[in-house]
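See below for the structure under consideration.
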Amino acid sequence: MKFAFAIGVVALHAHPLKDFSPFGDYMITQCFTRIGVPFFFVAAGYFLFSKMSIVNLDKERIKKYIIRIFTMWVIWTLIYIPIIMWSALHHEKGFIWGIGTKIYMFIVRGDAEFHLWFLHALMIAVLLLSLLIKLGWSFKKIFLGAGMLHIIALLGGAYYFAYLFMFPEGSQVYEILHGMTKFMKTTNGFTVGLLYVSIGAFIGFFRPVFEKNYLYKGFFISWTLFIIEAASIKIMFPFIEDSTPYFFLIPATIFTFLLGLNIELKNKPLYMTMRKMSMFIYFAHPWFLFLVGGISKRIHPIDSLTNFIIVAIFTLLTARIIVFLSAKKKSLAVLG
Numbered sequence: 002m003k004f005a006f007a008i009g010v011v012a013l014h015a016h017p018l019k020d021f022s023p024f025g026d027y028m029i030t031q032c033f034t035r036i037g038v039p040f041f042f043v044a045a046g047y048f049l050f051s052k053m054s055i056v057n058l059d060k061e062r063i064k065k066y067i068i069r070i071f072t073m074w075v076i077w078t079l080i081y082i083p084i085i086m087w088s089a090l091h092h093e094k095g096f097i098w099g100i101g102t103k104i105y106m107f108i109v110r111g112d113a114e115f116h117l118w119f120l121h122a123l124m125i126a127v128l129l130l131s132l133l134i135k136l137g138w139s140f141k142k143i144f145l146g147a148g149m150l151h152i153i154a155l156l157g158g159a160y161y162f163a164y165l166f167m168f169p170e171g172s173q174v175y176e177i178l179h180g181m182t183k184f185m186k187t188t189n190g191f192t193v194g195l196l197y198v199s200i201g202a203f204i205g206f207f208r209p210v211f212e213k214n215y216l217y218k219g220f221f222i223s224w225t226l227f228i229i230e231a232a233s234i235k236i237m238f239p240f241i242e243d244s245t246p247y248f249f250l251i252p253a254t255i256f257t258f259l260l261g262l263n264i265e266l267k268n269k270p271l272y273m274t275m276r277k278m279s280m281f282i283y284f285a286h287p288w289f290l291f292l293v294g295g296i297s298k299r300i301h302p303i304d305s306l307t308n309f310i311i312v313a314i315f316t317l318l319t320a321r322i323i324v325f326l327s328a329k330k331k332s333l334a335v336l337g
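Its first residue numbered 2, the sequence shown is counted upward by one per residue in the working numbering.
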């Protein structure tokens, strides 16, 4: 499932139907593929905390995990320095403004481009959740707090119109709320990461058991409502560009993950390879978006679907090569 959702993230950033159907592309990039990152957060929380006791957290395991994520964050950020510099050099307001924007993005969300924020958010979410558990917070209290922070993300994304119509631009209330949603972006560990990592940790700690029929019904209903929600917002408020996150994305992610835990497959080496590849697909694909996009603009134009297919193929090949080499050389393990 992580492998499939990693391919979905490539589609999210590549906009495969952009040249053919704007609404179809919207539904792919702002709906169907949006479950990828929340699913990764839930999976991370589940696999980290499922091997611990809630009354006695393994501090050493958490420490090693955060150090590993931090190391990956630094290394992959360095790998993307050429693209960051190129983007700053070609900024419409000049290099100084461009590099300043990149630094601001890095400080606010932990990523100067558009995908490594996940690692930064994951570190924050794990640290914050561990601290809250250590302080004796119940999961009911944690979910309440995380939910309130998530509302800020909703106001900065899909539900931007909720206060845009209530408070006119220029009013003091509007400026305050607008400033909050700009700072508390949807892409950080407080507004999104904490909620989904907490969900994964809760499942890992308490291992709730549900009948498959219940999971199938929950999966179908939550995804139906999620699709209706995404489509309705686009139809009624076409000026909304960044429509993530959504309210019904939360139950859709939960039921998708729970359903995944109930899928029984025979143990095969291929599955472990695919799981490792999913991480490298996520981390490496922007380089191919950059290279293929540059070739399309300067040498030979290609449509959005062809662009996606080429990027996906090269990303898959690269991910497979990295997994193969990392098995041979332990030094490459720091990449993922």
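Each residue gets a CB set at the ideal place from its N, CA and C atoms; glycine is no exception.
Just so you know, these numbers come straight off a predicted model, no measurement behind them.
The alpha-carbon separation between Leu49 and Thr319 amounts to approximately 27 Å. Between Lys218 and the set Val198, Tyr247 and Ala253, the nearest pair of CA atoms involves Ala253. In the structure shown, Asn214 falls within a helical segment according to DSSP collapsed to helix, strand and coil.
Listed as beta-bridge partners of Asn57 by DSSP are Ser54.
The way I'd put it, the region 208-224 doesn't touch the region 66-83; fewer than three beta-carbon pairs between them come closer than 8 Å. Per the Cβ contact rule, the region 225-233 is not in contact with the region 14-23 (fewer than 3 Cβ pairs under 8 Å). In the structure shown, Arg321 falls within a helical segment according to DSSP collapsed to helix, strand and coil. Within the same chain, Cβ atoms closer than 8 Å to the Cβ of Gly261 are found at Met2, the five residues on either side in sequence being excluded. Around the beta-carbon of Trp118, 16 or more other beta-carbon atoms lie within 10 Å, marking it buried.
Taking C-alpha positions only, Ile310 is separated from Gly37 by approximately 18 Å. Judged by DSSP secondary structure, Val127 falls within the alpha helix (DSSP H) whose first and last residues are Trp118 to Lys135. Judged by beta-carbon spacing, Ser297 lies beyond the 9 Å limit of Asp26, meaning their Cβ atoms are not closer than that value. Nearest in C-alpha terms to Tyr215, of all of Ile76, Asn263, Gly201 and Glu176, is Asn263.
Annotation for Ser88: the continuous alpha helix (DSSP H) segment containing it runs Ile82 to Leu90.
DSSP, read as helix, strand or coil, puts Phe115 in coil.
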